[in-house]
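Engineer:
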Amino acid sequence: MANCRRADDAEALPRMVSDKKTVIKGEKGRDWFWLFGVLWWFLKMVVFTLLFSMEFVLRSLLVSDEKTAITGGDGVELWPRKLATAKFLLDDMKLIKRAVPDTTINDVLLGMVSSGLSRYLDHRTPNVLHEGLRITGVAMVNIRPQPGLQDLSKLMKSNTKARWGNKFGVILIPVYYHKGGNDPLEYLKRAKAMVDKKKHSLEAYFSYKIGDLVMSLLGPKYACMLNYKLLCNTTFTLSNVAGPLEEISLAGNPLSSIKVNTSSLPQVLCNNLSLIVI
């Protein structure tokens, strides 16, 4: 995206969708209620962070998903790959989003993935898998304090606080197999409940610090081994990239869409969800 420019201004960088941050506000005359709310919010954050961090460590070292038709593992990264694409109208996703209060487009996308995996496994291996089988995914979370594109001129300064390269943590995304006949909106409700808990934790920051610590103390070889083991113990990768807010061009050529793919992972399934907002 740093090499792209706005279609209506050849010198301007595209504007990216910024992350929304939760702000806790107090109400006048309700100081005790506000204090209780802050304490309850903090307690939930600590509990969710501890639970998800322990789960992350176990998944990275010992625990793995049960075997299914989409299970990967050591050596799967050498298999031939098939690339398939599908388009969904944003208006349709907004319609689904309005069916369940306080949901987001990301919740809808995750609900679609969860429903699709259940239907696929039900088709490939009917009456084999048990109800509620867990299928764990891996998702990357940007933890930069400044989301969006970085100003190259600021990165070149010696005293800048901006950092080169990616800065992201990893969170585990569990979805569950359910046989056909269920209400499709139930997948969305379960996805929303799970994502809300993930947002309330510091799992992404914990995973980033673990990877950074292993890299610093043991070197890149063991850091790669840790990442590889985590991918072998999970089933799929989920990547969601928000697009620019306006039409863009590359080297003077207008772009209608950008499709991103991931390769060389020991997983059978990689979901790359690109949301283009124009």
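The sequence shown: position 214 = 214 (full-length UniProt numbering), numbered continuously. Here a beta-carbon is modelled for each residue, glycine too, at the ideal position from N, C-alpha and C.
(1) Would you call the region 65-82 and the region 239-252 in contact, with 3 or more CB pairs under 8 Å?
(2) Comparing alpha-carbon positions, which option in L62, L230, H200 and N272 lies nearest W41?
(3) Near T125, which residues of its chain fall below 6 Å by C-beta distance, leaving aside the five closest residues on each side in sequence?
(4) Quick check on F56: buried or exposed, where buried means 16 or more other Cβ atoms within 10 Å of its Cβ?
(5) Is the separation between the beta-carbon of V141 and that of G116 shorter than 8 Å?
(6) Give the list of continuous beta strand (DSSP E) stretches no shorter than 3 residues that lie fully inside the UniProt domain "O-acyltransferase WSD1 C-terminal" (164-266).
(7) Do A223 and V214 have their CB atoms nearer than 8 Å?
(8) Go through its chain and collect everything with a Cβ distance to K229's Cβ below 8 Å, but skip five positions before and after it.
(9) Which residues does DSSP list as the beta-bridge partners of R5?
(10) Using 10 angstroms around the beta-carbon of D92, count the other beta-carbons present and answer buried if the total reaches 16, otherwise exposed.
(11) Would S118 be called buried (16 or more neighbouring beta carbons within 10 Å of its own) or exposed?
(12) Threshold first: 4 residues or longer. Then list the alpha helix (DSSP H) segments lying entirely within the region 97-147, N to C.
(13) Hey, K176 and R134 are a contact pair by Cβ (cut 8 Å); roughly how many whole angstroms apart?
(14) On a CA-only basis, which of V38, F48, V76 and A139 is nearest S263? Give me that one, please.
(15) With a threshold of 7 Å on Cβ separation, who are the neighbours of V108 within its own chain once the five nearest residues in sequence on each side are excluded?
(16) Could you name the residues that DSSP lists as bridge partners for L269?
(17) Report yes if the C-beta distance between V195 and L110 is below 8 Å; otherwise report no.
(18) Closer than 7 Å by C-beta to A99: which residues in its own chain qualify, once you throw out the five before and the five after it? Chain order, please.
(19) On a Cα-Cα basis, can you pick out the residue from K209, V268 and E246 that is closest to R6?
(20) Could you work out which residue in A10, D9 and P14 is closest to M1 when comparing CA atoms only?
(21) Could you pull the DSSP bridge partners for M16 from this structure?
(22) Along the chain, which unbroken stretches of the alpha helix (DSSP H) at least 4 residues long are found entirely within the region 30-84?
Structural biologist: This is what the structure gives:
(1) no
(2) Translated into the one-based positions of the sequence shown, residue 41 becomes position 41. That would be H200, whose Cα lies nearest to the Cα of W41.
(3) Taking the first residue of the sequence shown as 1, we reach residue 125 at position 125. Here the set comprises A69.
(4) As a first step, residue 56 is located in the sequence shown; it is residue number 56 there, counting from the start. F56 is buried by the Cβ-count criterion.
(5) Start at 1 with the first residue of the sequence shown, and residue 141 comes out as number 141. Start at 1 with the first residue of the sequence shown, and residue 116 comes out as number 116. Not a contact, by the Cβ cut-off of 8 Å.
(6) 168-176, 236-242 and 248-250
(7) For the purposes of this step, residue 223 is taken as the residue at position 223 of the sequence shown. For the purposes of this step, residue 214 is taken as the residue at position 214 of the sequence shown. Yes, these two residues count as a Cβ contact at 8 Å.
(8) Position 229 of the sequence shown, counting from 1, holds the residue named residue 229. Hits under 8 Å: S60 and L61.
(9) As a working note, residue 5 is residue 5 in the sequence shown. S249, per the DSSP bridge assignment.
(10) Counting from 1 along the sequence shown, the entry for residue 92 is found at position 92. Exposed, by the Cβ-count rule.
(11) Stepping through the sequence shown from its first residue, residue 118 is reached at position 118. It is buried - the Cβ of S118 has at least 16 other Cβ atoms within 10 Å.
(12) 105-124
(13) As a working mapping, residue 176 is identified with position 176 in the sequence shown. As a working mapping, residue 134 is identified with position 134 in the sequence shown. Per the sequence shown, residue 176 should be read as Tyr rather than Lys. Indeed they touch by this definition, with Cβ atoms about 6 Å apart.
(14) As a working note, residue 263 is residue 263 in the sequence shown. The shortest C-alpha separation from S263 is found at V76.
(15) To locate residue 108, count along the sequence shown from 1; it is residue 108. These residues qualify, in order along the chain: M93, I96, K97 and L188.
(16) On the sequence shown, position 269 is the one that residue 269 refers to. Its beta-bridge partners are F236.
(17) Working through the sequence shown from its first residue, we reach residue 195 at position 195. Working through the sequence shown from its first residue, we reach residue 110 at position 110. Yes, Cβ-Cβ distance for V195 and L110 is below 8 Å.
(18) Counting from 1 along the sequence shown, the entry for residue 99 is found at position 99. L185, listed in sequence order.
(19) The residue you call residue 6 lines up with position 6 of the sequence shown. Residue E246 is the option with its Cα nearest to R6.
(20) Sequence index remark: in the sequence shown, residue 1 carries index 1 (1-based). Closest by alpha carbon: P14.
(21) The count along the sequence shown starts at 1 and reaches residue 16 at position 16. Bridge partners of M16: P244.
(22) 31-61
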